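2 protein chains.
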Amino acid sequence: MDKELKKVNQNELNPHVSVDCVIFGFDMEKLTVLLIDRGRNKSDKGIKLALPGNLIYNNENLDQAANRVLDELTGLKDIYLEQVAAFGNPDRISKDSDREWLKSIRAEPEARVITVAYFSLVKMPDYLPQASSFAKRAGWTSVTEINELAFDHYEILQAAKEKLKQKIKIQPIGFNLLPEKFTLSQLHRLYESILEKPLDKRNFRRKIQNLEIVTSLKEKQRGVPHKPSQLFVFNEERYRELTENGFDNFDF
Amino acid sequence: MDKELKKVNQNELNPHVSVDCVIFGFDMEKLTVLLIDRGRNKSDKGIKLALPGNLIYNNENLDQAANRVLDELTGLKDIYLEQVAAFGNPDRISKDSDREWLKSIRAEPEARVITVAYFSLVKMPDYLPQASSFAKRAGWTSVTEINELAFDHYEILQAAKEKLKQKIKIQPIGFNLLPEKFTLSQLHRLYESILEKPLDKRNFRRKIQNLEIVTSLKEKQRGVPHKPSQLFVFNEERYRELTENGFDNFDF
DNA sequence: TTTGAAAGTGTTAAATTGACACGATGTAAA
DNA sequence: TTTACATCGTGTCAATTTAACACTTTCAAA
Numbered sequence: 016m017d018k019e020l021k022k023v024n025q026n027e028l029n030p031h032v033s034v035d036c037v038i039f040g041f042d043m044e045k046l047t048v049l050l051i052d053r054g055r056n057k058s059d060k061g062i063k064l065a066l067p068g069n070l071i072y073n074n075e076n077l078d079q080a081a082n083r084v085l086d087e088l089t090g091l092k093d094i095y096l097e098q099v100a101a102f103g104n105p106d107r108i109s110k111d112s113d114r115e116w117l118k119s120i121r122a123e124p125e126a127r128v129i130t131v132a133y134f135s136l137v138k139m140p141d142y143l144p145q146a147s148s149f150a151k152r153a154g155w156t157s158v159t160e161i162n163e164l165a166f167d168h169y170e171i172l173q174a175a176k177e178k179l180k181q182k183i184k185i186q187p188i189g190f191n192l193l194p195e196k197f198t199l200s201q202l203h204r205l206y207e208s209i210l211e212k213p214l215d216k217r218n219f220r221r222k223i224q225n226l227e228i229v230t231s232l233k234e235k236q237r238g239v240p241h242k243p244s245q246l247f248v249f250n251e252e253r254y255r256e257l258t259e260n261g262f263d264n265f266d267f
Numbered sequence: 016m017d018k019e020l021k022k023v024n025q026n027e028l029n030p031h032v033s034v035d036c037v038i039f040g041f042d043m044e045k046l047t048v049l050l051i052d053r054g055r056n057k058s059d060k061g062i063k064l065a066l067p068g069n070l071i072y073n074n075e076n077l078d079q080a081a082n083r084v085l086d087e088l089t090g091l092k093d094i095y096l097e098q099v100a101a102f103g104n105p106d107r108i109s110k111d112s113d114r115e116w117l118k119s120i121r122a123e124p125e126a127r128v129i130t131v132a133y134f135s136l137v138k139m140p141d142y143l144p145q146a147s148s149f150a151k152r153a154g155w156t157s158v159t160e161i162n163e164l165a166f167d168h169y170e171i172l173q174a175a176k177e178k179l180k181q182k183i184k185i186q187p188i189g190f191n192l193l194p195e196k197f198t199l200s201q202l203h204r205l206y207e208s209i210l211e212k213p214l215d216k217r218n219f220r221r222k223i224q225n226l227e228i229v230t231s232l233k234e235k236q237r238g239v240p241h242k243p244s245q246l247f248v249f250n251e252e253r254y255r256e257l258t259e260n261g262f263d264n265f266d267f
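If you read the sequences in order, they're chains A and B.
For the first sequence, the residue numbers in the numbering used here are 16 to 267.
For the second sequence, the residue numbers in the numbering used here are 16 to 267.
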């Protein structure tokens, strides 16, 4: 291959590899995920919701690509993304509606594409999704309400959920989903949403407090029509301490 | 793209995506990994050892590709492979010796390649590696002796080791590395090799036996110059029972 | 003032963990 | 045949962790 040609290629889209992002949020009730709406086609059929994702460039690595694509499609910048897995069934673009849609946005719509999935956790209220590029809309959907998605995105979402379940047992990453100040009930509900099983309230609170990973404020919840709860902040220092000494046991 | 052309492409190598396999073994002393030797180039320089891996075909999925490539390069057939992660730094083929080598075996040696890594565990003595294709030799190397490998394979190996560490705490997959009949000391050494830390002998044995995941035979070790130890077999039924009821706690 | 709704709190029995040392049993060498 | 060597196999106890379980408190709104 010619060297000049090669240099040009470096800044070109790679039509064979894409990244998809599973961005989780928490609305204080349940786990949500950020989806884009591809809008209506002529046909007005097929699934319209998809994970934000797109092809990579030849001169960026996978992590960079995931961040760029997420920014381009939703406006989310510089968030921590962790890889879930690669997906590459030859028939992952087999649905008619998906092929139609690809024709409208890709130079090589029939190419076989491998996609690398990423996941992340963000504070929902910090961020109101801004659709752009081919995303007609971008918004949060409750994870439990999702039955199908474009391409193999439903499968990817399930894999990301599993990864999150595992990860939250090892590291207290859940705090990324909550506001600065939060209550232990909110944290409790968050863990139940992620693990998809009930956790005993008293045992949960005891465990969290023994870990000393939260610091209680003098402040209380206001304006709630019931006993207001204590507010807490996440203790980052303690978190570093725990992770450096290798802690295996944030298990519920 | 023309439909005829497309069908032809389906059976062609995809020059942009490869798979690499990290196959672990255990020689009763330490953890080993299966590497291929690329043999000597004209230059006779550079690193010669690499993980078995190669490009995928357009009509196979990633898991199939990993199995095929492993078979082609080493003769290992139909073993369970689990994905580790995708690796795709644009400069992962930056070493001169690697580029030279690729020129000799690939149609598009300068193409940017994303690789998907897999890992597996096999019983070493069941299998004497058979080199073939571009692998001049294939053989087992002790994991601790490896300092560098071709491409980004050293990084991939580290990631696979981490995955194995995590996984063995959740599932008793270690049994795949041992012969049918084994001693608790061997199992003990295996766990220490994988976790890279000493485990108290009595506590280890207690934990394993409480799980009832091994069944003791009437048989003993023979011909060893010391007290012969009891032989055990892995209890598959009990394993299924444990995994179905979801067990989180094979923790050491 | 009453009502509704979620917050917050403690005990106990059972299971699990971690720390720790020595006698038993086989082979091989003297 | 005795001895030396190497590894096997075993038990207890204190400390910690877990699971199960129900009632009172506090605020806002009616």
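Quick reminder that beta carbons are idealized off the backbone N, C-alpha and C, glycines included.
It should be emphasised that the depicted structure is a prediction, and the values quoted were computed from it without experimental measurement.
Legend entry - 7 Å Cβ cut-off: residues of chain B touching residue 120 (chain A): If you number the first sequence from 1, residue 120 (chain A) lands on position 105. Those do not exist, as residue 120 (chain A) stays about 16 Å from chain B at its closest Cβ, beyond 7 Å.
Legend entry - Bounding residues of the beta strand (DSSP E) (the contiguous stretch that carries residue 63 (chain B)): Locating residue 63 (chain B) in the second sequence gives position 48, counting from the first residue. Neither: residue 63 (chain B) is in no beta strand (DSSP E) and is coded neither H nor E.
Inset, instruction - Compute the distance between the beta-carbons of residue 101 (chain B) and residue 131 (chain A), then report whether it is under 8 Å. - result: Residue 101 (chain B) sits at position 86 when you count from the first residue of the second sequence. Residue 131 (chain A) sits at position 116 when you count from the first residue of the first sequence. It is a contact, given that the beta carbons lie within the stated cut-off.
Inset, instruction - Taking only beta-carbon positions, decide if residue 129 (chain B) is within less than 8 Å of chain A. - result: By 1-based counting over the second sequence, the position of residue 129 (chain B) is 114. Output row for residue 129 (chain B): interface = yes.
Inset, instruction - Using DSSP bridges, identify the partner residues of residue 133 (chain B). - result: If you number the second sequence from 1, residue 133 (chain B) lands on position 118. According to DSSP, residue 133 (chain B) bridges with B:36 and B:98.
Inset, instruction - For residue 81 (chain A), decide whether its Cβ has a neighbour in chain B, counting only Cβ atoms nearer than 8 Å. - result: In the first sequence, residue 81 (chain A) corresponds to position 66, counting from 1. Closer than 8 Å: no.
Legend entry - CB-CB length for residue 104 (chain A) against residue 167 (chain A), believed under 8 Å: Counting from one through the first sequence, the residue named residue 104 (chain A) turns up at place 89. Counting from one through the first sequence, the residue named residue 167 (chain A) turns up at place 152. Indeed they touch by this definition, with Cβ atoms about 7 Å apart.
Inset, instruction - Determine the chain A residues that contact residue 105 (chain B) at a beta-carbon separation under 8 Å, and present them in chain order. - result: Here residue 105 (chain B) is taken as the residue at index 90 of the second sequence, counted from 1. Ordered by position in chain A, the residues that pass the 8 Å Cβ test against residue 105 (chain B) are 25, 73, 74, 75 and 76.
Legend entry - Opening and closing residue of the alpha helix (DSSP H) in which residue 145 (chain A) lies: Position 130 of the first sequence, counted from the first residue, corresponds to residue 145 (chain A). Premise fails: residue 145 (chain A) is in no alpha helix (DSSP H) and is neither H nor E.
Inset, instruction - Please report the Cβ distance between residue 37 (chain B) and residue 175 (chain B), rounded to the nearest whole angstrom; I am assuming they are in contact, meaning their Cβ atoms lie under 8 Å. - result: Translated into positions along the second sequence, residue 37 (chain B) becomes position 22. Translated into positions along the second sequence, residue 175 (chain B) becomes position 160. Their Cβ separation, rounded to whole angstroms, is 4 Å, which keeps residue 37 (chain B) and residue 175 (chain B) in contact under 8 Å.
Legend entry - 8 Å Cβ shell around residue 118 (chain B) - same chain, five flanking residues per side excluded: To locate residue 118 (chain B), count along the second sequence from 1; it is residue 103. Cβ neighbours of residue 118 (chain B) beyond the five flanking positions: 124.
Legend entry - the segment 44-54 of chain A in contact with the segment 136-156 of chain A per 3-pair CB rule at 8 Å: yes
Legend entry - Contacts that residue 32 (chain B) makes with chain A (C-beta to C-beta distance below 9 Å): Taking the second sequence and counting its residues from 1, one reaches residue 32 (chain B) at position 17. Result: 31, 32, 101, 103, 127 and 129.
Legend entry - Given residue 173 (chain A) as reference, the closest of A:138, A:196, A:205 and A:209 once Cα atoms are compared: Taking the first residue of the first sequence as position 1, residue 173 (chain A) is located at position 158. Residue 173 (chain A) has its Cα closest to that of A:209, out of A:138, A:196, A:205 and A:209.
Legend entry - Proximity of residue 192 (chain B) and residue 138 (chain B) at Cβ, strictly below 8 Å: Counting from one through the second sequence, the residue named residue 192 (chain B) turns up at place 177. Counting from one through the second sequence, the residue named residue 138 (chain B) turns up at place 123. For residue 192 (chain B) and residue 138 (chain B), yes; Cβs fall inside 8 Å.
Inset, instruction - Give a yes or no on whether the minimum CB-CB distance between residue 98 (chain B) and chain A is below 8 Å. - result: Mapped onto the second sequence, residue 98 (chain B) falls at position 83. Yes, because at least one Cβ of chain A sits closer than 8 Å to the Cβ of residue 98 (chain B).
Inset, instruction - Can you give me the Cβ contacts of residue 140 (chain B) inside the same chain, cut-off strictly under 7 Å, excluding the 5 residues immediately before and after it? - result: Here the question's residue 140 (chain B) lines up with position 125 in the second sequence. Result list for residue 140 (chain B): 194, in chain order.
Inset, instruction - Have a look at A:44, A:88, A:198 and A:74 and flag the residue whose alpha-carbon is nearest the alpha-carbon of residue 6 (chain A). - result: There is simply no residue 6 (chain A) to check, as chain A begins at 16 and stops at 267 in what is shown.
Legend entry - DSSP beta-bridge partners of residue 52 (chain A): As a working mapping, residue 52 (chain A) is identified with position 37 in the first sequence. BP columns for residue 52 (chain A) point to A:64 and A:152.
Inset, instruction - Just mark residue 177 (chain B) as buried or exposed, buried being the case when its beta carbon has 16 or more other beta carbons within 10 Å. - result: Along the second sequence, one-based indexing puts residue 177 (chain B) at 162. It is exposed - the Cβ of residue 177 (chain B) has fewer than 16 other Cβ atoms within 10 Å.
Legend entry - C-alpha distance - residue 111 (chain B) paired with residue 62 (chain B), whole-angstrom precision: Within the second sequence, residue 111 (chain B) is the residue found at index 96, counting from 1. Within the second sequence, residue 62 (chain B) is the residue found at index 47, counting from 1. Answer to the nearest angstrom: the Cα atoms are 10 Å apart.
Legend entry - Straight-line gap, residue 162 (chain B) to residue 211 (chain A) (C-alpha atoms, nearest Å): Counted from its first residue, the second sequence places residue 162 (chain B) at position 147. Counted from its first residue, the first sequence places residue 211 (chain A) at position 196. Distance between the alpha carbons of residue 162 (chain B) and residue 211 (chain A): 43 Å.
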